[in-house]
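Quick notes on the structure that follows.
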Amino acid sequence: MALLMEHQFRQLPADRQVETRPFLEAVSYLPPFFDCLGSTIFAPIKADLSGNITKIKSIYDSNPGRFKTLQQILEAEKEMHGGEWPKVGATLALMWLKRGLKFIQVFLQSLVDGEKDENNPNLIRVNVTKAYEIALKRYHGWFVQQLFKVHPKYLQIFFYTINVL
1 MALLMEHQFR
11 QLPADRQVET
21 RPFLEAVSYL
31 PPFFDCLGST
41 IFAPIKADLS
51 GNITKIKSIY
61 DSNPGRFKTL
71 QQILEAEKEM
81 HGGEWPKVGA
91 TLALMWLKRG
101 LKFIQVFLQS
111 LVDGEKDENN
121 PNLIRVNVTK
131 AYEIALKRYH
141 GWFVQQLFKV
151 HPKYLQIFFY
161 TINVL
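Oh and the sequence shown: position 109 is 109 in full-length UniProt numbering, straight run, nothing missing.
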């Protein structure tokens with residue numbers, strides 16, 4: 001956990017503009033957090049976070065002066081992509097990254113609150129399911145929702161299969 005505490009998000013400035021570089025530096029320390037949990041069920045979430053961070057970083061790296069804030073990236077992509085925006089590029093990656101961060105927040109809060117399956121107190125399925133229901137479910141189609149409902153582990157198999165294809 002020391003890894004996460006060393007790299008905290010900065011306070012939001014008065015102009016509410018989030019600087020891209022410090023934001024990317026802070027979120028880049030989140031994917032390794034899932035390795036600490038020791039469960040492969042988090043592999044799809046870790047991969048999704050990493051992929052979204054990479055997409056945003058590639059836009060930022062293309063012109064750091066122009067994309068100093070996340071808002072500048074969003075505005076440039078809105079102008080560039082027109083009617084396809086916000087369903088493309090770094091904007092889409094940022095939306096999914098935000099959803100992933102919400103998943104992490106709800107998951108950790110559920111653990112802190114002591115929520116657990118009384119029949120299997122060592123399993124975190126209750127916490128993962130709650131986080132999925134609150135943070136991600138509404139953005140997934142029926143098929144992915146059913147996979148998750150049957151058993152969260154099947155999500156890992158599904159996402160792995162998609163990545164291989």
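Glycine is no exception: its CB is placed at the ideal position from the N, C-alpha and C atoms.
Exercise. Excluding the five sequence neighbours on either side, which residues of its own chain have a C-beta within less than 8 Å of the C-beta of V18, listed in chain order?
Worked result: L12, T69, L70 and Q71
For this session: Could you give the DSSP three-state label for E133: helix, strand or coil?
Result: helix
Exercise. Among residues of its own chain, excluding the 5 on either side of Q145, which ones have a beta-carbon nearer than 8 Å to its beta-carbon?
Worked result: If you ignore the 5 residues before and after Q145, its C-beta comes within less than 8 Å of the C-beta of K137, all in its own chain and listed in chain order.
For this session: For G65, count neighbouring C-beta atoms within 10 Å of its own C-beta (all shown protein chains included) and say buried if the count is 16 or more, exposed if not.
Result: Taking all protein chains in view, the Cβ of G65 is surrounded by fewer than 16 other Cβ atoms within 10 Å, so the residue is classified as exposed.
For this session: Note the first and the last residue of the continuous alpha helix (DSSP H) segment covering R99.
Result: Where R99 is concerned, the enclosing alpha helix (DSSP H) stretches over G89 to V112.
Exercise. Given that a residue counts as buried once 16 or more other Cβ atoms are within 10 Å of its Cβ, and exposed if not, what is G100?
Worked result: buried
For this session: Would you give the residue range spanned by the alpha helix (DSSP H) that F33 belongs to?
Result: P31 to C36
Problem set entry | Run of the alpha helix (DSSP H) containing H81, from where it starts to where it stops | L70 to H81
Exercise. Helix, strand or coil for E115 per DSSP?
Worked result: coil
Exercise. Is the CB-CB distance between I73 and T20 below 8 Å?
Worked result: In this structure, T20 lies closer than 8 Å to I73 by Cβ.
Exercise. Checking contacts by CB at 8 Å: is G83 closer than that to chain C?
Worked result: As a matter of chain content, chain C is missing from the structure shown, which is built from one protein chain.
Exercise. Are there 16 or more other CB atoms within 10 angstroms of the CB of G89, so buried, or fewer, so exposed?
Worked result: Within 10 angstroms of the beta-carbon of G89 lie 16 or more other beta-carbons, which makes it buried.
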